[in-house]
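Structure record follows, encoded as structure tokens.
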Amino acid sequence: MIQKILQRLSPLQIFISGFLLNILIGSILLYLPISAEPGVKVSFIDAIFTATSATCVTGLVVQDTAATFSRFGETVIMLSIQIGGLSFMTFSVLLSILLGKKIGLKERMVIQQAFHNSDLQGLVKLVVSVFTISFIAELIGMILLAIRFVPDMGISQGTYYALFHSISAFNNSGFDLFGHVHEEFSSLIYYATDPLVNFTITALTLTGGIGFLVVIGLINYPKTRRLSLHVKLTLTVTGLIIAISTVLFLILEWNNPHTLGALSLQEKLTVGLFQGSVPRTAGFSTLNAADSYLPTQMLFMLVMLIGASPNSTGGGIKTTTIALIYLTVWAMIRRKEDIEVFKRRISNDFMYRALGITMMYFALIPLLTILLSITETQNFNVILFEAVSAAGTAGLSLGLTPELSLPGKLFIIVTMFMGRIGPLSLLFALAHNKTKESIRYPTEPLILG
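Per my numbering, numbering through the sequence shown is continuous, rising by one, with the last residue being 457.
Here is the structure:
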């Protein structure tokens with residue numbers, strides 16, 4: 009019966025169904041008494057919220073993770089993050105490979121959808137490469153974090169914390185367990201000036217956030233001596249965003265007594281680089297975002313909206329989408345028919361998709377902001393910040409999420425899911441396939457601007 013259902017679904021619909029299934033399983037497991045700390049009751053809506061946030065690698069939480077969930081519950085969250093970051097179908101294909109089963113055309117098309125790959129060839133090899141990169145990156149991250157956590161917490165807890173936060177960082181989720189060790193919802197505030205923790209979390213977040221095809225392209229560069237247009241554009245835009253946001257953050261917060269004001273020069277630079285790199289895709293923070301100035305919060309919203317890169321563990325509009333929008337405007341200003349970058353021409357089909365993705369986010373965020381303004385009592389900037397964070401699956405918060413009403417939680421749950429899948433992809437999955445019309449109507453001028 010399941011096979012018949014899958015045959016009726018498109019690859020995109022199967023891809024989305026995998027996320028829904030993972031959320032459902034995670035919700036049920038987190039609702040079990042064994043998942044909660046003794047004396048703590050987790051409501052089913054909070055279980056759904058947490059499972060969605062973990063699967064969609066967002067990091068927004070209605071309850072402090074460590075203070076609420078037992079080791080079993082934390083493990084469920086960690087596995088949901090890992091599966092959500094790499095996608096359910098990627099794990100299914102890997103299991104088939106390990107069992108020696110043949111990967112059919114349908115499975116290849118689903119993987120093609122998951123990684124936005126235009127070629128069906130080499131997809132099995134791509135899946136193996138994705139798992140290899142993930143395993144090595146998370147293992148190195150765990151070892152580096154264990155150097156700091158084991159002396160502080162002991163071998164057992166320190167190693168476990170290193171593993172959890174390495175997986176959380178690589179998958180750009182932002183879930184943390186420091187509510188047990190320090191204060192609830194404290195994230196990495198107590199490691200704000202620790203170079204090792206800052207470097208490791210930043211490196212893991214960036215590696216997961218630039219996309220697997222970019223990492224593979226960089227690994228293969230010594231052999232091929234060539235980088236694809238996608239790799240070049242992704243690295244360029246990511247580097248520019250990090251550099252600009254880091255400098256702007258330092259300028260805006262340099263004398264803020266609640267953030268950078270009391271720190272030394274080296275500590276300010278450490279915190280500045282972290283805040284310029286990590287919050288745009290992951291919910292980790294080394295300072296309380298609510299203590300930052302309003303212009304800084306607006307900067308955070310902008311970079312969270314842009315988000316990570318395609319084929320990555322992060323969300324948002326994506327770096328290449330924003331780059332293509334800019335290149336389109338630049339070509340229009342110069343009155344050029346073609347969109348060109350790095351001596352390559354980009355098809356108009358990609359421009360239409362970039363415009364569609366951007367407009368869907370610009371529709372989703374205002375809608376969520378209006379709905380939350382009706383159900384919640386916080387200030388407008390706090391509500392808008394949370395809306396952008398949920399839509400971009402960034403996870404950074406000004407403190408609204410733990411205070412959400414029931415309708416507010418439902419709105420955020422739907423938004424996190426749409427942000428991870430992509431609003432445009434979700435509409436494509438719901439739409440019926442239509443035959444191409446053979447009639448083309450005449451053009452007529454339209455007044456713009």
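Even for Gly, the Cβ is constructed at its ideal location relative to N, Cα and C.
CB contact flag (residue i, residue j, <7 Å)
{"i": "A55", "j": "I85", "result": "no"}
{"i": "I218", "j": "S317", "result": "yes"}
{"i": "V222", "j": "T242", "result": "yes"}
{"i": "I347", "j": "L335", "result": "yes"}
{"i": "T98", "j": "V65", "result": "no"}
{"i": "S195", "j": "S293", "result": "yes"}
{"i": "F419", "j": "L379", "result": "yes"}
{"i": "D299", "j": "T321", "result": "no"}
{"i": "R352", "j": "L237", "result": "yes"}
{"i": "T254", "j": "G280", "result": "yes"}
{"i": "M312", "j": "V396", "result": "yes"}
{"i": "G81", "j": "S51", "result": "no"}
{"i": "T215", "j": "A145", "result": "yes"}
{"i": "F358", "j": "K240", "result": "no"}
{"i": "F157", "j": "G166", "result": "yes"}
Span separating the alpha-carbon of residue i from that of residue j
{"i": "F204", "j": "L152", "result": "It is Leu, not Phe, that sits at residue 204 in the sequence shown. Each residue's alpha carbon lies about 7 Å from the other."}
{"i": "S95", "j": "T73", "result": "22 Å"}
{"i": "L38", "j": "Q90", "result": "16 Å"}
{"i": "N206", "j": "L147", "result": "17 Å"}
{"i": "G430", "j": "L375", "result": "16 Å"}
{"i": "V286", "j": "G403", "result": "11 Å"}
{"i": "G92", "j": "Y449", "result": "44 Å"}
{"i": "P265", "j": "R234", "result": "47 Å"}
{"i": "I227", "j": "F143", "result": "15 Å"}
{"i": "I458", "j": "N296", "result": "No answer is possible for residue 458: it lies beyond the span of the chain, which begins at 9 and ends at 457."}
{"i": "G269", "j": "L408", "result": "25 Å"}
{"i": "T278", "j": "S272", "result": "10 Å"}
{"i": "L131", "j": "D160", "result": "43 Å"}
{"i": "S174", "j": "A154", "result": "10 Å"}
{"i": "T377", "j": "K133", "result": "42 Å"}
{"i": "F139", "j": "T289", "result": "21 Å"}
{"i": "F282", "j": "I24", "result": "32 Å"}
{"i": "I250", "j": "G323", "result": "16 Å"}
{"i": "T246", "j": "V48", "result": "42 Å"}
{"i": "S88", "j": "G34", "result": "7 Å"}
{"i": "E386", "j": "P410", "result": "Per the sequence presented here, residue 386 reads as Gln, with Glu not at that position. Using only the alpha carbons, I get a separation of about 12 Å."}
{"i": "V189", "j": "A75", "result": "10 Å"}
Neighbour-count burial assignment, residue i, 16 or more Cβ in a 10 Å radius
{"i": "I163", "result": "exposed"}
{"i": "I421", "result": "buried"}
{"i": "T232", "result": "exposed"}
{"i": "M367", "result": "exposed"}
{"i": "T327", "result": "buried"}
{"i": "K276", "result": "buried"}
{"i": "M150", "result": "buried"}
{"i": "Q274", "result": "exposed"}
{"i": "S355", "result": "exposed"}
{"i": "R343", "result": "exposed"}
{"i": "R16", "result": "exposed"}
{"i": "I341", "result": "exposed"}
{"i": "Y168", "result": "buried"}
{"i": "L372", "result": "buried"}
Nearest-angstrom beta carbon gap, residue j and residue i [assumed within contact, 8 Å]
{"i": "R428", "j": "T451", "result": "Rounded, the Cβ-Cβ distance is 38 Å, inconsistent with contact."}
{"i": "T304", "j": "F257", "result": "6 Å"}
{"i": "F393", "j": "L414", "result": "Contact flag wrong, Cβ pair sits at about 21 Å."}
{"i": "I31", "j": "A59", "result": "5 Å"}
{"i": "I314", "j": "I330", "result": "5 Å"}
{"i": "F193", "j": "G187", "result": "7 Å"}
{"i": "E384", "j": "G416", "result": "5 Å"}
{"i": "S137", "j": "I224", "result": "6 Å"}
{"i": "E261", "j": "Y198", "result": "That pair is no contact at about 19 Å."}
{"i": "A399", "j": "Y369", "result": "6 Å"}
{"i": "N458", "j": "F220", "result": "Beyond the ends of the chain as shown, which are 9 and 457, falls residue 458; an answer cannot be given."}
C-beta neighbour in chain D for residue i, strict 7 Å
{"i": "I36", "result": "This model lacks chain D altogether, as it is built from one protein chain only."}
Q) Quick one: any contact between the region 182–198 and the region 58–74, if contact means 3 or more CB pairs under 8 Å? A) Below 8 Å, enough C-beta pairs join the region 182–198 and the region 58–74 to call them touching: three or more.
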